[in-house]
Structures are given as structure tokens and as C-alpha cells.
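In the numbering used here, the protein residues as written are 164 to 505. Just so it is clear, CB atoms sit at the ideal spot from N, CA and C, and this is done for glycine as well.
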Ligand SMILES: Nc1ncnc2c1ncn2[C@@H]1O[C@H](COP(=O)(O)OP(=O)(O)OP(=O)(O)O)[C@@H](O)[C@H]1O
Ligand code: SF4
Ligand SMILES: [Mg+2]
């Protein structure tokens, strides 16, 4: 049932997914002839890897480009520039069977399952949808649907119910079962629990963790909720206006955030910060989404800018002594030495 994209032997150390220089820009103004005159860099020169079996969380405020990056990675929208390698294969060059295999291996779960589930289809048809190409007989298909419902802890009669007959948490379980039906290895979860109340949230998060352990899944987990991220992430990538500004193992990021934007983001939830700093960092000014200029995108809101920050774009670079912690800042500093005024 499994349909791997690649046929060559792989080293477990090789990342499942690697993107380099990935960009997506949208035209936002045109001249008299309809030619674009201004662009919005929704995703701007993003490079990152996702390791086999890990959960990489993607965080950042609304409009920072998280969903756009996810859609690019899944090839749901075309990229303006960059490369994507999945399981050793060039995703952007994939056609025909290879593209189909990639689409099976890489699935997505959305925030609002009510919107992504067809209200006229029953549970069995929803979960079975992705199995059409497998040519399973009726009994084998029914059996597989029952296994998947059981896997996500839904009762057997879920097969005969319509989406509106489920609770919010159950609907999200159903959409997880649908994603798993094609035996994927990689799942993008775009705010998968944001629409749920807190008790449902932890049930769905626990289920996702359990499935990850049982099935060896790799997750790209998008969330604006840092408490949720703290709970699920192995590593965290922080986005600001289309760029990754910091990426680090979750423990490291929560104890030693170095980018001013990450520090501001985390200071909004002081209970999560394990360091000494507890004051809320308030950044002022508006996010300025227009790119193109050679400057740090955060410069107009930063609380410790240098002169160079307005002349050059800070590259994402590993910090001294920790190749796993990368930050895009000319003046990175730990919180208790950051000179922050709350
Ligand atoms: N099809 C489109 N055409 C033009 N601009 C777009 C399009 N899709 C997204 N954008 C813009 O790209 C930027 C990034 O949007 P995106 O949806 O990726 O952000 P996000 O981080 O997922 O935000 P949220 O947390 O609100 O979901 C935003 O400024 C958005 O308005
Ligand atoms: S590069 Fe400069 S302006 Fe940008 S976040 Fe770092 S210190 Fe602030
Ligand atoms: Mg989004």
C-alpha cells in the first residue's frame, strides 16, 4: 500500500524534506497595461530541512507566510524561485507518476475540518476517497476504512455519519483518517487545533503524537499558539514577513531565543520562557510587507537595531557552538542581556 517517491537507498540522516531559496511573490499593483509594478514577497528565500520522524513547528504572526510556505512545499501553488527535495527527489520537477506518488506521501490537515469535508459525504466515503486509485474490492475497502477509523479512535458507526453529526474534535479525527488513508510519510498540519476548544485540542494533539510514533510520520506543524508549539515541536522555525528569522530545537528556542522578533513573540507567554526574563516585550510600528529593499525586514520595529540593519539583509546563520540554532540577525543576544524595556 505504501508508495515511496524514491527507489534509491537512503540514509536515515538525510532529511525527508529540504527546501532552498524558496520564494513566492504575488503582484499587488499593476500599471496601465496590467503589468505588475509592485510585488508582495509572501515567502522570501526560505531554506530549511525537515528530518525524518520529527515535528517542525512553523510559527509567526498572521500574514508571515506560513500557509504559503506549506502550499509551496506541497506543490499546491507554483514557486517563484527555489528548490524542494522530498525523499531525495526534486519535487518541482516531478511529473506523472512521480508527482502522484509525492501527492500521496505528503498530505495536509486544515484548521477547519468542517470546511474541508464534503457535507454530503458520509465518514466511509470521506476516508475512502483517497483509496480510489488502489482498486480495492468492496470488502477490503470497508475493512481498511474500519481500520483507519479505529486508528484515530472514532467509533465504527462514524462510517455512516455525515460531517455535521460529529463534534469538532471528531471531525478533525476524520480528516486525519482521510489523510492517512493513502499511507503518507509527511503531514502538513495548518493550525490543526486552532478551531477546537482546549480539551479537544489536547486530545487531537495526543492523537497526532501517537500516530507519529506508530506510523513514523514527519510533521510540519503550523501554529500561532506558542503553548501548543511547546507541547508538540521537536524544532521550531520562526517566520517574519516571509522569511525564517530563527530556527532551533524547541528546548533551545524557548530557553535561549536570540532574535528580537522571537523574543517579543515568546514574551507574550511568559510562562513558556524558562529563562529569567519575564517582562512582556512590546514591539511598536507596523509590519511592512513590501520587500525588495536591502534591509532587515524587522528593522522598523526592532528594539536594538544597528546601522547595518538598514543596509543589508541578515542571513540565517548558525550561532557559535550550536549548528542546530540558526538566527538571521546582525545583533542577536540572549534575553537577559538584550537591553529590553518592557
Ligand atoms: N493568492 C494570494 N494573492 C495575493 N496575496 C496573497 C495570496 N495568498 C497569500 N497572500 C499574502 O501573502 C502573505 C502571507 O499569507 P499567508 O496566508 O501565507 O500567511 P499566514 O502566516 O499563513 O497567516 P495566518 O496566520 O493568518 O494564516 C499575506 O500578506 C497574504 O495576504
Ligand atoms: S538584524 Fe538588526 S534590525 Fe534586524 S532583528 Fe537583528 S538587530 Fe534588529
Ligand atoms: Mg495561514
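Status (buried if at least 16 other CB within 10 Å, exposed otherwise) for residue i
| i | result |
| --- | --- |
| residue 398 | buried |
| residue 338 | buried |
| residue 301 | exposed |
| residue 457 | exposed |
| residue 361 | exposed |
| residue 444 | buried |
| residue 168 | Reliability of the predicted coordinates at residue 168 is poor, the pLDDT of 38 falling under 50, and no value is obtained from them. |
When the options are compared against residue i, the one with the closest alpha-carbon
| i | options | result |
| --- | --- | --- |
| residue 417 | 405, 407, 245 and 432 | 432 |
| residue 115 | 216, 491, 374 and 422 | Limits of the chain in this structure are 164 at one end and 505 at the other, which puts residue 115 out of reach. |
| residue 203 | 254, 328, 462 and 404 | 404 |
| residue 293 | 340, 385 and 443 | 340 |
| residue 224 | 481, 326 and 428 | 428 |
| residue 348 | 298, 258, 319 and 237 | 237 |
| residue 390 | 193, 434, 480 and 376 | 434 |
| residue 451 | 470, 471 and 406 | 406 |
Proximity test, residue i beta-carbon vs ligand 2 heavy atom, cut-off 7 Å
| i | result |
| --- | --- |
| residue 488 | no |
| residue 462 | yes |
| residue 518 | Outside the displayed span of the chain (164 to 505) sits residue 518, for which this structure offers no information. |
| residue 421 | no |
| residue 232 | no |
Distance cut-off 7 Å: residue i Cβ against heavy atoms of ligand 3
| i | result |
| --- | --- |
| residue 187 | no |
| residue 279 | no |
| residue 353 | yes |
Own chain residues within Cβ distance below 6 Å of residue i, not counting five before or after
| i | result |
| --- | --- |
| residue 492 | 422 and 477 |
Ligand 1 heavy atom lying under 7 Å from the CB of residue i
| i | result |
| --- | --- |
| residue 229 | yes |
| residue 390 | no |
| residue 365 | no |
| residue 128 | Outside the shown range of the chain, which is 164 to 505, sits residue 128, and nothing can be said about it. |
| residue 205 | yes |
| residue 197 | no |
| residue 316 | no |
| residue 245 | no |
Cutoff 8 Å; reference residue i; Cβ partners in own chain excluding five residues on either side
| i | result |
| --- | --- |
| residue 378 | 343 |
| residue 171 | Only weak support is given to the placement of residue 171: the predicted model assigns it a pLDDT of 44, under 50, and the question is left unresolved by the model. |
| residue 473 | 458, 459 and 462 |
Residue-level contact to chain D via CB, residue i, 8 Å cutoff
| i | result |
| --- | --- |
| residue 434 | Structure shown: chain D not included; a single protein chain is present. |
Exercise. Would you say the stretch 182-200 touches the stretch 239-246, given that touching needs at least three Cβ pairs under 8 Å?
Worked result: Flag = yes, the stretch 182-200 and the stretch 239-246 touch.
For this session: Check whether the stretch 480-489 touches the stretch 406-413, taking contact to mean three or more Cβ pairs, one atom from each stretch, closer than 8 Å.
Result: With a cut-off of 8 Å, the stretch 406-413 and the stretch 480-489 count as touching, because enough Cβ pairs lie within range.
Problem set entry | Cβ pair count under 8 Å reaching 3, the stretch 274-288 against the stretch 350-365 | Per the Cβ contact rule, the stretch 274-288 is in contact with the stretch 350-365 (3 or more Cβ pairs under 8 Å).
Exercise. Counting pairs of beta carbons, one from the stretch 318-327 and one from the stretch 281-298, are three or more of them closer than 8 Å?
Worked result: Yes, the stretch 318-327 is in contact with the stretch 281-298.
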